[in-house]
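Read through the structure below, which is laid out as structure tokens, and then see the notes.
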Amino acid sequence: MMETEPQPERSLAEWITFGIALSILAVVISLVGYMWLNEKNQPPILSVNQKSAIKEIEGKFYVPFEIVNTGGETAESVQIIAELKIADQVVETGEQQIDFLSDGEKEEGAFIFSKNPSQGQLNVRVASYKLP
Numbered sequence: 007m008m009e010t011e012p013q014p015e016r017s018l019a020e021w022i023t024f025g026i027a028l029s030i031l032a033v034v035i036s037l038v039g040y041m042w043l044n045e046k047n048q049p050p051i052l053s054v055n056q057k058s059a060i061k062e063i064e065g066k067f068y069v070p071f072e073i074v075n076t077g078g079e080t081a082e083s084v085q086i087i088a089e090l091k092i093a094d095q096v097v098e099t100g101e102q103q104i105d106f107l108s109d110g111e112k113e114e115g116a117f118i119f120s121k122n123p124s125q126g127q128l129n130v131r132v133a134s135y136k137l138p
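Following this line, the structure appears as structure tokens:
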């Protein structure tokens, strides 16, 4: 018959270290679980808005805009188009491309026109994007 040696009792320092390690592991597991449960399984939801007033500088009209992704996924190659209509005719267009727009991210830019957008109808919209 084999005799086994009795296991030495754990010291207070070992129990404290074990408790701290167990606490850290529990926090990591709970954070991963929280992120997994609250993950948005939505496509990119892109909205573009005129940021502030149109500014005229040296005969050019600057139209600032802001684009926001409120969806769950990242969008790449986001194409933004601006069309200026005066008397029901498109007189100028502008195009911007944002390389990368992740969930909750905002980007700003400006379109530059030679005619005053206040004298017509300005339409700024998202034309396309692709998923990474």
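Numbering (this note's numbering), first residue to last: 7 to 138. Beta carbons are placed, not taken as given, at the ideal position from N, Cα and C, and that holds for glycine. Predicted, not measured: the structure shown is a model, and the values here were computed from it.
Would you decide whether Ile49 is buried or exposed? Buried here means 16 or more other CB atoms lie within 10 Å of its CB. It should be noted that the sequence gives Pro, not Ile, for residue 49. Under this definition Pro49 is an exposed residue.
Backbone secondary structure at Ile60 - three-state DSSP: Residue state for Ile60 is assigned as coil, using DSSP reduced to three classes.
Which same chain residues end up closer than 8 angstroms to Tyr135 when comparing Cβ atoms and leaving out the 5 residues on each side of it in sequence? Pro50, Leu52, Ala81, Glu82, Ser83, Val84, Gln85, Leu107
Touch check for the segment 28-37 and the segment 58-77: three-plus C-beta pairs under 8 angstroms? no
DSSP-derived helix/strand/coil call for Gln95: Looking at Gln95 - three-state DSSP - the assignment turns out to be strand.
Hey, is Ile51 close to the ligand PLP, as in C-beta under 7 angstroms from one of its heavy atoms? Ligands displayed in this structure: none; no statement on the ligand PLP is therefore possible.
Separation of Met41 from Leu31, as counted between CA atoms: 16 angstroms
Does the distance from the C-beta atom of Ala116 to that of Phe71 stay below 8 angstroms? yes
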